[in-house]
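**Q** Residue numbers (UniProt numbering), protein chains in the order written: chain A, 1 to 528; chain B, 1 to 440. Before I ask anything, let me first share the structure, which is written out below as structure tokens.
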Amino acid sequence: MRDAVPTLLGDSVTTEPARPILAAEAVSKSFGGVAALKDVRFDLRSGEIHALMGENGAGKSTLMKVLSGVYADYEGTVRVDGEIARFSSVRDAEAAGIAIIHQELNLVPELGVADNIFLGRERVVAGLFVDRKASLEAARGLLNRLGIELDPEARVGQLRVGEQQLVEIAKALSVEARILIMDEPTSALSSGECRRLFKIVRQLAADGVGIVYISHRIDEVMQLSDRVTVFRDGRHVWTRPMAGLDEDTIIAAMVGRNLLDAHPVNRPKGAEPVLSVSGLSLAVAGRHGWRDMLKGVSFDVHAGEILGIGGLLGAGRTEILETVFASNDGVRGGEIRLDGIAVDIRSPRDARRLGFALVTEDRKAKGLHLQESIRDNVALPLVGRLARFGLRSFERERALASRAVEALGVRCAGTDQTAGTLSGGNQQKVVIGKWLATGPRVLLLDEPTRGIDVGAKREIYDLVFKLAADGLAIVVVSSELPELLLLADRILVMAEGRQTGLISREEASEERIMQLAAPRSTFGRSVA
Amino acid sequence: MTFLKALSRTKLYWGLIAIFLIGVLFSPVTSSGRNIFLSSGNLLDVLRQVSTTGLIATGMTAVILTGGIDLSVGSLMAICTVVCAMLLTVPGDTAAIYLGLPAVGLAVLILGAAVARFIFLNIEKSRSGEAHIRDIKLGGARGTVLPAIAGVVLCALVLSFLLPQMQTKFGVFGVLLVAPAVGLLFGAVNGVIIVAGRLQPFIVTLAMMVTALGIARLTAGQNNAVLPVYTGSNATADFDVLRQLLFGIVPMPGIFFIVAILLYGAVLRFTPFGRYVYAIGGNEEAARLSGINAGRVKIVTYAVSGLLAGIAAVLYVAQYRQGKPDAGAGLELDAIAAVVIGGTSLMGGRGSLAGTFCGVLIFGLLSNILQLHNINSNLQLVLKGVIIIGTVLVQERNAYDLFAQLRLPGASRRPVQGDTSVEERTSRETLSLTMGGKKE
């Protein structure tokens with residue numbers, strides 16, 4: 001079947017321009033009722049660089065996980081060299097010559113470069129011992145051919161992130177890969193490292209490897225790729241050759257039309273800001289000293305106002321909420337004022353007592369006690385407050401939970417139901433209910449509708465509007481631009497830990513946010 | 001299915017009943033036809049024997065519920081037996097005094113202050129009423145100064161009771177104050193290191209286990225020293241009260257064990273502290289983000305674990321008439337086994353002291369049965385190990401689960417794509433929901 005395999009290691013190259021080496025037809029995939037991919041198609045020819053673009057949650061990574069065997073249960077057809085393939089594991093896909101480089105690095109920091117490249121496929125002497133010499137030799141040869149200057153004996157943990165990315169590429173290509181999927185490979189690279197990576201990618205394509213290139217950075221896609229496919233909301237928008245395309249066309253396709261109808265906003269706003277943050281910063285200890293995750297972030301939120309925070313993944317959006325709430329590690333800086341009075345928040349406990357509430361992005365790991373009842377979840381922050389002379393008041397706890405369940409319209413069998421058995425939307429309502437019970441002034445919402453179906457999203461939106469109308473100051477982080485535009489009165493846009501814009505509802509558009517959110521090389525990347 | 005459900009809910013007690021029945025059926029019989037196992041003397045003996053392990057398992061349960069573990073309890077008990085025996089038998093300046101009195105002073109100081117604050121806080125709470133949900137902060141003197149004064153006063157009272165005893169020898173109440181205080185302090189040190197250093201409880205308490213053994217030996221003065229305690233000759237006669245039977249029926253150690261289980265059980269069930277213990281074990285990050293002072297709760301569980309080891313030490317000295325540095329060797333493992341047999345999850349967040357009570361009794365009855373049959377002590381160990389695994393296998397699964405596995409091997413437990421480990425833990429509940437039909 002694979003008579004002439006164009007790979008880097010074997011150097012015979014046969015080009016078949018017409019027939020795609022990898023194709024997806026009518027592929028759909030959903031997670032617990034939430035559709036992530038709807039009837040999408042995609043194809044890749046050998047020797048081409050095919051960019052796949054779309055907003056966060058557009059379905060890019062999901063498709064790549066289908067193509068590389070991570071997800072085995074999907075609908076539709078995947079073809080390799082025109083023949084139907086169904087990978088049930090990553091190993092199956094690897095055997096078919098498909099390698100994937102994930103956004104997160106999958107390296108063992110304690111091992112050397114060569115050891116990482118051949119991890120799980122060690123060269124063995126006498127059936128027992130790792131042949132270090134042979135594996136170092138092979139690694140050296142591979143790195144040379146790729147034009148990567150790295151010592152195969154160096155410990156991966158001591159390399160910089162950019163270099164680690166290159167090790168990941170070498171590892172992917174050490175299997176006889178003729179299809180290489182790269183998911184946001186430059187998200188952690190400096191511009192110099194990017195240039196080096198592009199050179200290698202072009203060389204691979206020239207050698208006949210088909211490359212799927214996923215990236216947010218439009219400039220980089222425009223100078224690198226041959227064809228572009230755009231996804232939006234899990235659907236295929238179009239596939240076009242790069243030649244003749246301009247930036248605006250691509251952005252327009254990614255963003256699409258606003259699917260959510262505009263909501264009438266006429267909320268009275270307080271004159272003085274409830275929450276006022278200035279010069280917020282966060283530094284965490286990294287492998288190469290302190291790393292700035294946030295720097296110089298300042299904003300105000302008034303009573304009845306909803307402030308949106310937008311930006312790409314890793315731009316520092318969640319960090320803003322966590323730093324205000326003092327729930328993260330690292331050195332926090334800046335001044336936080338509540339009703340004009342500077343407050344010192346050192347723990348989530350302090351934050352809660354002052355009237356802050358944080359609904360986290362990761363509901364299951366950080367927001368809920370899944371194995372406990374709705375009642376216990378809702379009452380948790382207030383158990384001590386409701387107790388009298390050291391004894392819990394089960395009656396008050398039950399009343400509190402019942403009020404929350406009723407007020408938020410949680411669909412459940414009763415407050416004794418286990419939280420883990422609720423649907424995503426209802427779980428989210430329980431988390432919000434838990435915080436509303438504490439009588440907050442400021443509500444911090446991180447991706448409030450992640451993993452929630454459309455109907456429940458609408459309910460969460462209505463709830464947020466109602467809470468704002470009741471006079472809460474609300475901050476919402478969201479990766480979905482339509483959601484931000486719908487909810488927020490003003491939008492703070494972040495890129496690489498810095499604030500790149502604070503725009504009002506009138507001037508906000510998806511295009512404008514995308515422009516502001518795009519990473520700029522002028523901001524020295526702290527990793528470099 | 002309701003039968004299975006009931007069976008599954010009460011499975012804790014079935015194990016206990018089963019082992020009891022085994023004991024009755026296979027018990028040796030006296031010449032007059034009386035069942036030895038069932039004799040009140042034998043059963044009360046079991047209660048007396050399990051008390052030491054039981055007290056330690058009680059403290060261990062709360063630690064394990066928070067997702068931690070305490071390996072140091074055996075060594076802490078050893079220190080306390082040495083301190084206790086020394087105070088009982090040697091008058092004047094001893095190592096035990098230098099270790100014990102500061103410990104009591106500090107413990108009582110903190111306790112007094114905490115109690116005073118607690119009272120002020122609750123008075124304030126009842127005043128503020130329902131309308132205001134925000135946390136209450138104690139301002140002015142009531143926040144700091146008055147609790148401090150209360151602590152100092154209590155400290156002075158307790159020391160004025162203890163210091164005169166220094167000249168002679170300590171009595172039973174003296175050692176019942178000092179030994180638990182020493183345990184409490186060492187336990188609190190465990191907790192503080194775990195919380196402040198963000199270290200694994202396993203390694204911290206392992207280090208404490210070694211350290212405490214060393215301190216016990218240093219306090220005793222020489223390696224493997226045994227400090228004999230003979231009430232009436234080298235110690236005061238009132239210490240004998242711990243060997244006696246209450247109302248002529250129940251042995252004193254058993255009373256201590258049962259009271260500890262009831263009190264701590266009530267604390268876990270009815271107080272905010274207990275709620276936090278479960279919340280931290282279930283999902284520490286979510287608990288912390290809910291504004292719970294997880295560090296403080298954890299420190300208290302380790303401190304109480306040490307305290308109970310101290311009480312167990314006094315009972316040990318009374319029972320075996322000696323204090324020695326290797327008194328508690330291996331006890332921590334017996335306690336952990338009893339807690340796990342009682343159905344408490346080592347992952348934390350799930351379990352109860354009622355379970356631990358059953359676990360301790362199952363363990364004790366088992367030893368008793370094996371002894372009654374004169375089974376070789378080494379073989380006893382093997383059998384115990386096998387039975388621990390068997391019991392835990394039953395405890396860790398509920399009846400639905402066992403049946404589901406029997407009928408459809410693997411089919412119902414296939415992980416869903418995208419499952420996280422957290423979801424994995426709830427899959428059992430989901431399963432029991434679907435199989436049990438309607439939820440009540």
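Backbone N, C-alpha and C define an ideal beta-carbon position, used for all residues, glycine too.
Which complete alpha helix (DSSP H) runs does the region 187-260 of chain A hold, if anything under 4 residues is left out?
**A** Fully enclosed alpha helix (DSSP H) runs of 4 or longer: 191-206, 218-224 and 247-255.
**Q** What are the boundary residues of the alpha helix (DSSP H) that Phe270 (chain B) is part of?
**A** Unbroken alpha helix (DSSP H) run through Phe270 (chain B): Met252 to Phe270.
**Q** Under the rule that 16 or more other beta-carbon atoms within 10 Å means buried, what is Lys199 (chain A), buried or exposed?
**A** When all chains shown are included, Lys199 (chain A) counts as exposed.
**Q** Helix, strand or coil: how does DSSP classify Met494 (chain A) here?
**A** Met494 (chain A): strand per DSSP, three-state reduction.
**Q** Given that Val383 (chain A) touches chain B, what residues does it touch there, using C-beta distances under 8 Å?
**A** Neighbours of Val383 (chain A) on chain B, chain order: Pro272, Arg275 and Tyr276.
**Q** Which of helix, strand or coil does DSSP assign to Glu83 (chain A)?
**A** Strand, per DSSP.
**Q** Shorter than 8 Å from the beta carbon of Asn35 (chain B) to some beta carbon of chain A?
**A** Not one chain A Cβ lies under 8 Å of Asn35 (chain B).
**Q** Once the 5 residues before and after Glu332 (chain B) are set aside, which same chain residues still bring their CB inside 6 Å of it?
**A** Leu71, Val73 and Gly74.
**Q** Got a sec? Which residues, its chain only, sit under 8 Å from Gly274 (chain B) by beta carbon, not counting five neighbours each side?
**A** Excluding sequence neighbours, Gly274 (chain B) sits near Val267 and Leu268.
**Q** For Arg388 (chain A), write down the residues that DSSP places opposite it in a beta bridge.
**A** DSSP output for Arg388 (chain A) lists A:Leu391 as bridge partner(s).
**Q** Measure the C-alpha to C-alpha separation of Gly187 (chain B) and Val204 (chain B) and round it to an integer number of angstroms.
**A** Computed Cα separation, rounded: 11 Å.
**Q** Helix or strand or just coil, what does DSSP make of Arg411 (chain A)?
**A** Arg411 (chain A): coil per DSSP, three-state reduction.
**Q** Going along the region 286-302 of chain B in order, which residues come within less than 8 Å of chain A, judged by CB to CB distance?
**A** Flagged, chain order: Ala286, Ala287, Arg288, Leu289, Ser290, Gly291, Ile292 and Asn293.
**Q** From Val394 (chain B) to Asn376 (chain B), what does the alpha carbon distance come to, in whole angstroms?
**A** For Val394 (chain B) and Asn376 (chain B), the distance between alpha carbons rounds to 27 Å.
**Q** Expressed to the nearest angstrom, what Euclidean distance is found between the alpha-carbon atoms of Pro253 (chain B) and Asp240 (chain B)?
**A** If you take the alpha carbons of Pro253 (chain B) and Asp240 (chain B), they lie about 12 Å apart.
**Q** For Ala141 (chain A) and chain B, any beta-carbon pair shorter than 8 Å?
**A** Inspection of the sequence shows that residue 141 (chain A) is occupied by Gly rather than by Ala. Taking Cβ atoms only, chain B never reaches closer than 8 Å to Gly141 (chain A), which makes this a no.
**Q** Excluding the five sequence neighbours on either side, which residues of its own chain have a C-beta within less than 8 Å of the C-beta of Thr30 (chain B), listed in chain order?
**A** Counting only Cβ-Cβ distances below 8 Å, and skipping sequence neighbours, we find Ile36.
**Q** Roughly how many angstroms separate the alpha carbons of Arg498 (chain A) and Val475 (chain A), rounded to a whole number?
**A** Cα to Cα, Arg498 (chain A) sits roughly 17 Å from Val475 (chain A).
**Q** From the beta carbon of Ala260 (chain B), is the nearest beta carbon of chain A less than 8 Å away?
**A** Judged by the 8 Å Cβ criterion, Ala260 (chain B) is not in contact with chain A.
**Q** Go through the region 271-320 of chain A residue by residue and report every complete run of the beta strand (DSSP E) that reaches 3 residues or more, in order.
**A** Qualifying beta strand (DSSP E) stretches, in chain order: 273-286, 289-302 and 306-311.
**Q** What are the partner residues of Glu25 (chain A), as DSSP defines its beta bridges?
**A** In the DSSP output, where bridge partners are listed per residue, Glu25 (chain A) has A:Thr77.
**Q** Can you find the residues in the same chain that come closer than 7 Å, C-beta to C-beta, to residue 441 (chain B), ignoring five residues on each side of it along the sequence?
**A** Since the first residue shown for chain B is 1 and the last is 440, residue 441 (chain B) is missing from the structure and cannot be characterised.
**Q** Taking the alpha-carbon positions, what's the Lys366 (chain A) to Met242 (chain A) distance?
**A** Each residue's Cα considered, the two are about 43 Å apart.
**Q** Can you tell me which of the three DSSP states Ala286 (chain B) falls into?
**A** Helix at Ala286 (chain B).
**Q** Tell me, please, whether the CB atom of Thr360 (chain A) is closer than 8 Å to any CB atom in chain D?
**A** You won't find chain D in this structure, because its protein chains are A and B.
**Q** Does the region 268-286 of chain A come close enough to the region 231-248 of chain A to have 3 or more Cβ pairs within less than 8 Å?
**A** No, the region 268-286 of chain A does not touch the region 231-248 of chain A.
**Q** Would you kindly work out how many angstroms separate the C-alpha atoms of Val383 (chain A) and Arg337 (chain A), rounded to a whole number?
**A** Using only the alpha carbons, I get a separation of about 28 Å.
**Q** Using a cut-off of 9 Å between C-beta atoms, extract the partners of Phe118 (chain B) located in chain A.
**A** Simply Phe389 and Gly390.
**Q** In angstroms, rounded to a whole number, what distance separates the CA positions of Ser225 (chain A) and Ala206 (chain A)?
**A** Roughly 12 Å separates the two Cα atoms.
**Q** Are the region 373-389 of chain B and the region 273-291 of chain B touching by the rule of at least three beta carbon pairs closer than 8 Å?
**A** At 8 Å Cβ cutoff, the stretches do not touch.
**Q** Considering only residues of the same chain and omitting the five flanking positions on each side of Thr77 (chain A), which have a CB-CB separation below 7 Å?
**A** Answer for Thr77 (chain A): Glu25, Ala26 and Ile84, listed in chain order.
**Q** Distance cutoff 8 Å, beta carbons only. Does Ala138 (chain A) sit that close to anything in chain B?
**A** Ala138 (chain A) does not count as touching chain B.
**Q** When you compare the region 146-159 of chain B with the region 112-122 of chain B, are there three or more beta-carbon pairs, one atom per stretch, that lie closer than 8 Å?
**A** Because the criterion of three Cβ pairs below 8 Å is met, the region 146-159 of chain B and the region 112-122 of chain B touch.
**Q** For Asn35 (chain B), which three-state DSSP category applies?
**A** Three-state result, Asn35 (chain B): strand.
**Q** Measuring CB to CB, does Val359 (chain A) end up less than 8 Å from Pro440 (chain A)?
**A** No, the pair does not count as a contact, with Cβ atoms beyond the cut-off.
**Q** Assign Ser27 (chain B) to one of three DSSP states: helix, strand, or coil.
**A** Coil, per DSSP.
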